[in-house]
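Asks:
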Amino acid sequence: MRTAAFAATMAFTVSGTAFAQGEPIKIGSFLAVTGQGAFLGDPSKKVLEHFIEEKNAMGGVLGRQIELVLYDSRTDAKEAVNFVRRLTTQDKVDVIIGGNTTGETMAVIPFIEQAGIPFVSLGGGSVIIDPVKPLVFKTVHTDRISVQSILDHAKSLGQSKVAVLSGSGGFDQSCRTNLLDLVQDYGIEILADEQHGSGDTDMTAQMTNIRRVAPDLIIYCGFGAPSSIVAKNHKQLIADIPLYMTVGAASRDFINGADGAAEGVFVTGSAVMVAEMLADDDPQAAVSQAFITSYRAAFGEEPSSFAGHAYDALLVVLDAIERAGSVDPEALRSAIEGTDELAGINGIYKMNATDHMGLGPQSLILTKVENGRFIPVGR
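Position one of the sequence shown corresponds to residue 682 (the working numbering), numbered consecutively onward.
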């Protein structure tokens, strides 16, 4: 296991300034700072701005300062495409970090490929990196391994009948597709396959249908505000059936929005959710604690898993620049692909030519909400 040299120092306030020489290294970004995905984009923006500022205070990377060029996509795939075009043709950035949603990420990939520069996505869908695309990477657990983690737990408890509820977004549908595929390997039967629209504010009808078939567990494929609505309707109608959620619900916003209905819900997520409960010798303990300490000091709030996604993307990119010794597109792309045993918030990254995420199911932590906190259940 390896910790990037800058990772240990990025997460602390630096006194004094070292002056880097030469033209700045330009990192471009398009984030859902506003709109439906603001709960993803706002913490991502905070992380990139804050930790790049700290890195620059230490002298930058390769003796050069880092310039962040960031645009708000407003959670709109068309806007995301426009900004990627601008980042690549006008701003001339060296690498791009962004795309908080699967839909935005998939929309920009053709333009990334046309521009020929590396892109690290913050989206969750497995379709982003499966099949592998030479210039496209991601630091977010896929919906597929999130579902695998849930099914592993269900199988260990002898649960064999599941009901599925999913939203209509890119991540939601990718999660559903993977779930329908994976259950065959686990010998699990799907009794109900319910869906809701993007603007729905009540899932009573879907939960009523699920109650009729009496499954052993319910798996929700979705993210953001609908997760809290699902938890509320679940508590009202079928609280006796365990409810599992993927990484899309891995934040305090889910717990707060559910108004107590999140109690007892299982959620897959990253080390940042339970950092203070990790063993001292856990390979992610040090990097997670350092990240949380710096984030709290800067913003006066707890970081979400979504903030951790952006932090890891920055770790991966800066580590690759250091190893490549330049920002030549192919050299940088190759260095990112060669990321090996790099400790981050979401796990220990080990990428290669056939895996542009570098995280397995074991990197996820299954938690259960108890007394308003995420408590680790298994890994």
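Yeah, the Cβ is synthetic: ideal placement off N, Cα and C, and Gly gets one too.
Helix, strand or coil for Leu-996 per DSSP?
Replies: helix
Asks: Can you list, in chain order, the stretches of the beta strand (DSSP E) that have 3 or more residues and sit fully within the stretch 723 to 761?
Replies: 747 to 753
Asks: Kindly give me the distance between the Cβ atoms of Gly-1053 and Ile-871, rounded to whole angstroms, as I take these residues to be in contact under 8 Å.
Replies: The pair is not a contact, with the Cβ atoms about 32 Å apart (cut-off 8 Å).
Asks: Which runs of the beta strand (DSSP E) fall wholly inside the stretch 869 to 954 and span at least 3 residues, in chain order?
Replies: 870 to 876, 898 to 902, 924 to 926 and 947 to 950
Asks: What is the residue span of the beta strand (DSSP E) that Val-776 lies within?
Replies: 776 to 779
Asks: Mapping DSSP to helix, strand and coil, what is Ala-1034?
Replies: coil
Asks: Hey, how far is the Cα of Ile-733 from the Cα of Gly-741?
Replies: 8 Å
Asks: Mind checking Thr-770: buried by the 16 CB within 10 Å criterion, or exposed?
Replies: exposed
Asks: Below 8 Å CB to CB, which residues in the same chain sit around Ser-1070 once its five sequence neighbours on both sides are set aside?
Replies: There is simply no residue 1070 to check, as the chain begins at 682 and stops at 1060 in what is shown.
Asks: Determine, using beta-carbon pairs with one atom in the stretch 990 to 997 and one in the stretch 816 to 828, whether at least three such pairs fall under 8 Å.
Replies: yes
Asks: Quick one, which of Phe-764, Gly-1028, Ser-710 and Val-998 has its alpha-carbon nearest Arg-1014's?
Replies: Val-998
Asks: Please work out which residues of its chain come closer than 8 Å, Cβ to Cβ, to Gln-724, disregarding the five sequence neighbours upstream and downstream, and give them in chain order.
Replies: In the sequence as presented, Gln is not what sits at residue 724; that position holds Pro. Around Pro-724: Pro-984, Ser-985, Phe-987, Ala-988 and Ala-991.
Asks: Output yes or no for whether 7 Å exceeds the beta carbon distance between Val-774 and Gly-709.
Replies: In this structure, Gly-709 lies closer than 7 Å to Val-774 by Cβ.
Asks: Mapping the DSSP letters down to three states, classify Thr-786 as helix, strand or coil.
Replies: helix
Asks: Near Ala-1005, which residues of its chain fall below 6 Å by C-beta distance, leaving aside the five closest residues on each side in sequence?
Replies: Ala-1012, Leu-1013 and Ala-1016
Asks: Ends of the alpha helix (DSSP H) at Val-813?
Replies: In this chain, Val-813 is not harboured by any alpha helix (DSSP H), its DSSP state being neither H nor E.
Asks: Please confirm whether Ile-793 and Leu-816 have their CB atoms less than 7 Å apart.
Replies: yes
Asks: Look at the alpha carbon of Ala-788 and the alpha carbon of Leu-803, and state the distance between them as a whole number of angstroms.
Replies: 13 Å
Asks: In its own chain, which residues sit with a C-beta less than 8 Å from the C-beta of Arg-933, not counting the 5 before and 5 after it?
Replies: Glu-983 and Ser-985
Asks: How is Ala-699 classed by DSSP in three states: helix, strand or coil?
Replies: For Ala-699, the predicted model reports a pLDDT of 39, less than 50, meaning its position is unreliable and no value from the coordinates is stated.
Asks: Where in the stretch 963 to 1018 do unbroken runs of the alpha helix (DSSP H), each at least 4 residues long, occur, reported from the N-terminal end onward?
Replies: 966 to 980, 986 to 1005 and 1010 to 1018
Asks: So, is Leu-838 buried or exposed, given that buried needs 16 or more other C-beta atoms within 10 angstroms?
Replies: exposed
Asks: Have a look at Pro-1070 and Gly-1039 and give me their C-alpha separation to the nearest angstrom.
Replies: Missing from the structure shown is residue 1070; the chain here goes from 682 to 1060 and no further.
Asks: Three-state secondary structure (DSSP) at Asp-772?
Replies: coil
Asks: In or out: Ala-912 buried (at least 16 other Cβ within 10 Å) or exposed?
Replies: buried
Asks: DSSP state of Leu-861, grouped into three classes?
Replies: helix
Asks: CB-CB under 7 Å to Asp-772, same chain, minus the five flanking residues each way: which ones, in chain order?
Replies: Lys-707, Gly-709 and Val-750
Asks: Nearest to Glu-957 by CA position, among Val-714, Cys-856, Ile-973 and Leu-995, is which residue?
Replies: Residue nearest to Glu-957 within the set Val-714, Cys-856, Ile-973 and Leu-995 is Ile-973 (criterion: CA-CA distance).
Asks: Spell out a yes or no on whether the stretch 777 to 786 and the stretch 752 to 764 are touching, meaning 3 or more CB-CB pairs, one atom from each, closer than 8 Å.
Replies: yes
Asks: For Ala-844, which of helix, strand or coil comes out of DSSP?
Replies: strand
Asks: Short of 8 Å in beta carbon distance, which residues of its chain neighbour Thr-1035, apart from the five on each side in sequence? Order them along the chain.
Replies: Val-813
Asks: From this set, Met-888, Arg-893 and Ala-796, which residue's C-alpha is nearest Ile-900's C-alpha?
Replies: Met-888
Asks: Can you tell me whether DSSP reads Leu-721 as helix, strand or coil?
Replies: helix
Asks: Along the beta strand (DSSP E) that carries Val-1058, what are the first and last residues, could you check?
Replies: Here the beta strand (DSSP E) through Val-1058 covers 1054 to 1059.
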